[in-house]
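Report on one structure; see the data block that follows.
In the working numbering, the protein residues as written are 942 to 1065.
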């Protein structure tokens, strides 16, 4: 098992949030695709990285399915305490090098921007 540091940042109009956790996980390679899998609390997450696309899928206590493509609107779904919600994202940065993924994206709900976000996972 490898160790990964995951940092998430959300910037809203009124405040910002940042969270960092260290988890154990694995990196696998298959058919020109990189997979990073890890478990955090009661949730299993798989990150699928290929060409110019990243898919982040979580199953468990938290359930979500997000797709990221550079400079392209994508729809993501998250199950929250308020039920299943659909979001759109617009990715402005997407970079992966040897176990280090960085994403920067804006999140929209009903065509209104709700936050700017950074997601970073790095093998340590």
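The beta carbon of each residue, even a glycine, is placed where N, CA and C say it ideally should be.
| request: Output the boundary residues of the beta strand (DSSP E) element that contains residue 1061. | output: Taken as a continuous stretch (DSSP letters only), the beta strand (DSSP E) holding residue 1061 covers 1053-1064.
| said: With H, G and I counted as helix, E and B as strand and the rest as coil, what does DSSP make of residue 1003? | reply: DSSP, read as helix, strand or coil, puts residue 1003 in coil.
| What's the C-alpha gap between residue 1037 and residue 955? | Near 31 Å, if we compare the C-alpha coordinates of residue 955 and residue 1037.
| Along the chain, where does the beta strand (DSSP E) that runs through residue 993 open and close? | The continuous stretches of beta strand (DSSP E) do not include residue 993, and DSSP gives it neither H nor E.
| request: Grab me the residues of residue 1010's own chain with a C-beta within less than 7 Å of its C-beta, minus the 5 sequence neighbours each way, in chain order. | output: Same-chain partners within the cutoff: 993, 994 and 1032.
| query | How many Å lie between residue 1041 and residue 1051 at the Cα? | reply | One C-alpha to the other measures close to 32 Å.
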